[in-house]
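There are 2 protein chains.
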Amino acid sequence: MSGRTGGTGSTPDASRAEHIRVLIVDDHPVVRRGLRAMVDDLPDVEAAGEAADGAAALRLLDAGTRPDVVLMDLQMGDGMHGVEATRRITALPSPPAVLILTTYSTDADILAAVEAGATGYLLKDAPPEEVAAAVHAAARGETVLAPPVAARLLGRVRAGGRPALTQRETEILGLVAEGLANKQISRRLFISEATVKTHLVHIYGKLGVDSRTAAIAAGLAAGLIRAV
Amino acid sequence: MSGRTGGTGSTPDASRAEHIRVLIVDDHPVVRRGLRAMVDDLPDVEAAGEAADGAAALRLLDAGTRPDVVLMDLQMGDGMHGVEATRRITALPSPPAVLILTTYSTDADILAAVEAGATGYLLKDAPPEEVAAAVHAAARGETVLAPPVAARLLGRVRAGGRPALTQRETEILGLVAEGLANKQISRRLFISEATVKTHLVHIYGKLGVDSRTAAIAAGLAAGLIRAV
DNA sequence: CCCGCCCTCAACCGTTCGATTGATTTTCGG
DNA sequence: CCGAAAATCAATCGAACGGTTGAGGGCGGG
């Protein structure tokens with residue numbers, strides 16, 4: 001184990017700290033500036049640093065920056081994607097809480113982020129109070145989900161969740177969205193073209209559409225696939 | 001905030017002003033905060049107000065707010081879209097300069113914004129200095145385009161520009177991406193299905209693809225259309 | 001143990017799509 | 001004024017797609 005704190009679990013020396021230290025990770029200077037201003041507005045929170053992408057954030061953490069909370073965007077143009085960065089950060093010894101703060105709420109992103117160990121998931125259109133509350137909650141180790149995100153997760157778990165494609169179906173829908181024809185998909189996945197068509201029929205039924213292009217649109221709208 | 005001006009409204013007393021007054025329009029509180037912080041950092045610029053969507057911005061302008069520059073996002077979830085807001089603002093008497101500051105640079109958006117009378121087009125990943133320079137330039141009435149945007153526009157005008165769809169073609173590609181069939185598109189645009197197919201053939205040729213799904217993928221990748 | 005779900009494959013058939021060829025009108029710029 | 005580009009429409013034909021029906025193997029829960 002590492003480090004200096006006894007491995008008692010959650011809050012080590014930060015327990016007595018009034019100061020919550022926040023590391024801001026976003027590729028947009030404007031957003032970083034806004035988050036820092038918001039954070040600095042809170043009396044018991046301070047910005048511990050800024051990074052423009054996941055790699056820079058990891059460098060800061062390696063260099064000794066010890067935030068309690070990492071505010072991270074998911075979509076970051078060039079650099080490391082937020083999900084990967086989250087995975088690596090939560091794999092560190094005594095990791096900070098990772099609070100995802102991003103623009104869109106697509107199923108794939110949310111699941112991937114939670115799976116990677118994110119503590120919470122906020123949307124950028126959240127009001128300042130919500131961001132503040134989320135930072136405090138994350139510092140206490142609690143999980144925070146923006147209402148739309150929570151609803152989406154629940155709707156997925158819930159029994160009635162129609163818009164739940166199987167893994168194979170999602171995979172095929174993704175290839176369709178890349179512009180591949182059925183025959184190409186069949187070769188790519190080592191299955192027959194008939195099987196591809198069967199999957200597509202199921203996909204159409206679940207999405208309530210009747211063509212591959214409409215399936216792409218519906219899949220994008222439902223957050224099942226993501227446009228690069 | 002805006003305090004009082006002479007009350008005369010359109011009087012050119014702002015001409016001698018050192019102060020550039022900026023109205024910030026964005027649906028994300030975080031971004032508004034960041035822009036305001038950036039603007040307030042500049043000695044000769046001040047924020048004249050904030051609005052969460054185009055309608056709110058127009059209300060502020062109606063109520064007497066007289067900014068020199070409007071910093072406006074294009075994508076605004078619920079409210080009026082930025083292009084429409086730009087159109088209405090530039091239609092006002094002695095309108096302020098409208099500087100678009102948005103996340104993505106898709107051809108359709110850029111052209112629509114310029115057509116609506118936007119003075120400039122910046123991307124949110126622009127560094128603060130670029131934003132500052134653009135605000136100053138916009139206040140002087142100059143046109144400012146972020147390099148990627150300028151390149152895209154030039155590539156469109158330039159003769160060799162392969163990825164330059166015509167307006168009609170872009171429109172049709174957008175409808176294809178919404179999942180519409182040729183017949184539906186023809187009805188939507190009040191043209192024959194044959195015409196739709198002709199346009200599609202041209203689109204495929206320009207994008208180097210041979211199916212509508214591949215055209216969607218290529219169009220998204222090239223920034224010709226945008227996934228909602 | 002059986003039922004249901006997922007993944008796999010097959011054959012048939014009607015519709016849509018993509019490619020080709022050819023034509024008219026308008027508009028814009030040399 | 002004339003040529004180029006854009007937008008419109010038509011007809012044809014083979015290929016791809018979408019809908020249907022049917023079926024078999026694997027896997028987990030009741």
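Keeping their order, the protein sequence lines are chains A and B.
Here the first sequence is numbered in the UniProt record's numbering, starting from 1 and rising by one per residue.
Here the second sequence is numbered in the UniProt record's numbering, starting from 1 and rising by one per residue.
Glycine residues also receive a C-beta, built at the ideal position from the N, C-alpha and C atoms.
Confirm, please, whether the CB-CB distance from A:Asp73 to A:Thr102 is below 9 Å.
Yes. Within cutoff.
List the whole-angstrom C-beta distance separating A:Ser211 from B:Gly179, where the pair is believed to meet the contact cut-off of C-beta under 8 Å.
About 6 Å; that satisfies the 8 Å criterion.
Should B:Glu115 go down as buried or exposed, given a rule of 16 or more other Cβ atoms within 10 Å for buried?
Exposed, since its Cβ has fewer than 16 Cβ neighbours within 10 Å.
Please go through the same chain and pick out, in chain order, the residues whose beta-carbon is closer than 6 Å to the beta-carbon of B:Asp109, but skip the five residues on each side of it.
The residues are Leu74.
Quick one: residues in its chain with C-beta nearer than 6 Å to the C-beta of A:Ile203, no 5 flanking neighbours on either side, listed in chain order?
Cβ within range, chain order: Glu169, Leu173 and Ala215.
By how many angstroms is the C-alpha of B:Ser192 removed from the C-alpha of A:Leu123?
Approximately 43 Å, taken between the alpha carbons.
Can you check whether the C-beta of B:Pro93 is within less than 9 Å of a C-beta belonging to chain A?
Put simply, the CB of B:Pro93 is far from chain A, with every gap to its CB atoms at 9 Å or more.
On the three-pair Cβ rule with 8 Å, is the region 18-33 of chain B touching the region 25-44 of chain A?
The region 18-33 of chain B is in contact with the region 25-44 of chain A.
For B:Lys124 and chain A, any beta-carbon pair shorter than 9 Å?
The C-beta of B:Lys124 comes closer than 9 Å to at least one C-beta of chain A.
For the alpha helix (DSSP H) that contains A:Val131, what are its first and last residues?
Going by DSSP, A:Val131 is part of the alpha helix (DSSP H) stretching over Pro128 to Ala139.
Let me know the secondary structure DSSP gives A:Leu101 once reduced to three states.
A:Leu101 falls in the strand class under three-state DSSP.
So for B:Val69, helix, strand or coil by DSSP?
Of the three classes helix, strand and coil, the one that applies to B:Val69 here is strand, per DSSP.
Among the residues of its own chain, which have a CB less than 7 Å from the CB of B:Gly117, if the five just before and after it don't count?
Hits under 7 Å: Thr86, Arg87, Thr90 and Val98.
Just checking my contact of A:Ala55 with A:Pro67 at CB under 8 Å: how many whole Å lie between their CB atoms?
That belief does not hold up - the Cβ atoms of A:Ala55 and A:Pro67 are roughly 16 Å apart, past 8 Å.
Could you work out which residue in B:Ala51, B:Val22 and B:Glu142 is closest to B:Pro43 when comparing CA atoms only?
Residue B:Val22 holds the alpha-carbon nearest to the alpha-carbon of B:Pro43 among B:Ala51, B:Val22 and B:Glu142.
Using a beta-carbon distance below 9 Å, is B:Arg162 in contact with chain A?
In this prediction, B:Arg162 scores a pLDDT of 38, lower than 50, which makes its location untrustworthy; the coordinate-derived value is nonetheless stated afterwards. Judged by the 9 Å Cβ criterion, B:Arg162 is not in contact with chain A.
Chain B beta carbons: is any one of them nearer than 9 Å to that of A:Ala146?
It does not: the Cβ of A:Ala146 has no partner Cβ on chain B nearer than 9 Å.
Quick check on B:Leu224: does DSSP put it in helix, strand or coil?
In the structure shown, B:Leu224 sits in coil (DSSP, three-state: anything other than H, G, I, E or B).
Beta-carbon of A:Glu46 versus every beta-carbon of chain B: anything under 9 Å?
No, A:Glu46 does not count as interfacial toward chain B.
Can you find a C-beta in chain A that's less than 9 Å from the C-beta of B:Pro43?
Taking CB atoms only, B:Pro43 has no neighbour in chain A less than 9 Å away.
Short check: CB of A:Ala177 to CB of A:Ala227, under 9 Å?
The Cβ atoms of A:Ala177 and A:Ala227 sit closer than 9 Å to each other.
Outcome for A:Glu142 when other beta-carbon atoms lying within 10 angstroms are tallied against a minimum of 16:
Answer is exposed; the Cβ neighbour count stays below 16.
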